[in-house]
Amino acid sequence: MILHGNQRGGAKDLALHLMKDENETVQVVDVRGFVSRDVIGALTESYALSRATKCRQHLFSLSLNPPKGKSVSDQDFLEAAALAEELLIFTEN
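Per the working numbering: the sequence shown = residues 3 to 95.
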């Protein structure tokens, strides 16, 4: 699995980008820790929380892509996301 992550701002722009029809596949697996239950609402909420600080890049964006020519299952994506979340210490142990 090819993972590409970066710290970023621009919550609204990210939400709109993710929801574009031109994206081959965008799957929202989970929205946690927010009052909102949708992507745009959660990212907007994150932005609002960041306004109380000097933080300009309040998000971490992670894209998961299969290697070229390889077919991976939904379970492979879920496992890769869970491992990345654990290694980046985004989970409570």
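The C-beta atom is built at its ideal place from N, Cα and C for all residues, glycine as well.
Neighbour-count burial assignment, residue i, 16 or more Cβ in a 10 Å radius
{"i": "Leu-45", "result": "buried"}
{"i": "Ala-13", "result": "buried"}
Contact check, residue i vs residue j, beta carbons under 7 Å
{"i": "Phe-62", "j": "Gln-29", "result": "no"}
{"i": "Ala-84", "j": "Leu-66", "result": "no"}
{"i": "Glu-47", "j": "Phe-36", "result": "yes"}
{"i": "Val-31", "j": "Arg-39", "result": "no"}
C-alpha distance - residue i paired with residue j, whole-angstrom precision
{"i": "Gln-59", "j": "Leu-51", "result": "12 Å"}
{"i": "Tyr-49", "j": "Ser-75", "result": "32 Å"}
{"i": "Ile-42", "j": "Leu-18", "result": "7 Å"}
{"i": "Leu-5", "j": "Gln-77", "result": "15 Å"}
8 Å Cβ shell around residue i - same chain, five flanking residues per side excluded
{"i": "Gly-2", "result": "The question about residue 2 has no answer, for the chain in this structure spans 3 to 95."}
Close-in-space but distant-in-sequence residues of the same chain around residue i (CB under 6 Å, 5 per side omitted)
{"i": "Pro-68", "result": "Val-74"}
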